[in-house]
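Asks:
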Amino acid sequence: MGLIRLIIIAALIYLAWRVIKRLLAQARPTDSGNASGNPQIMVKCAQCGVHVPTPEAFSHNGQHFCSQEHQRQYLEHHDR
């Protein structure tokens, strides 16, 4: 009887884990924050190479940057 009880308990734990996993997966948003479903255009930071969405990038003379700090650093070394 002990083995059967152990198998039943293990099966119940497994089923509960699957149900919880499915509920958590349904609760997560499936899109990446883009409500229209269209992919965002990404640009590469001229200073560090990180890609950022175009609306979040800082731009100067055709160069794109991930932050104002990187824009400043780049311009200090390249606009001479």
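For what it's worth, this note's numbering labels the leading residue of the sequence shown as 83, then goes sequentially. Cβ atoms here follow ideal geometry from the backbone N, Cα and C, with glycine treated the same way. Model, not experiment: these values are computed from the prediction.
Would C127 pass as a contact of H142 if the rule is Cβ separation under 8 Å?
Replies: Contact flag unset, no.
Asks: Report the three-state DSSP secondary structure of V134 (helix, strand or coil).
Replies: V134: strand per DSSP, three-state reduction.
Asks: Rounded to a whole number of angstroms, what is the C-alpha to C-alpha distance between R83 and P121?
Replies: Looking at the sequence itself, residue 83 is Met, so the reference to Arg does not match. Answer to the nearest angstrom: the Cα atoms are 57 Å apart.
Asks: Work out the CA separation of V101 and P137 for me, nearest whole Å.
Replies: Cα to Cα, P137 sits roughly 39 Å from V101.
Asks: Please determine, among Q129, L157, H159, H160, the residue with the shortest C-alpha to C-alpha distance to C148.
Replies: When only C-alpha atoms are compared, the closest one is Q129.
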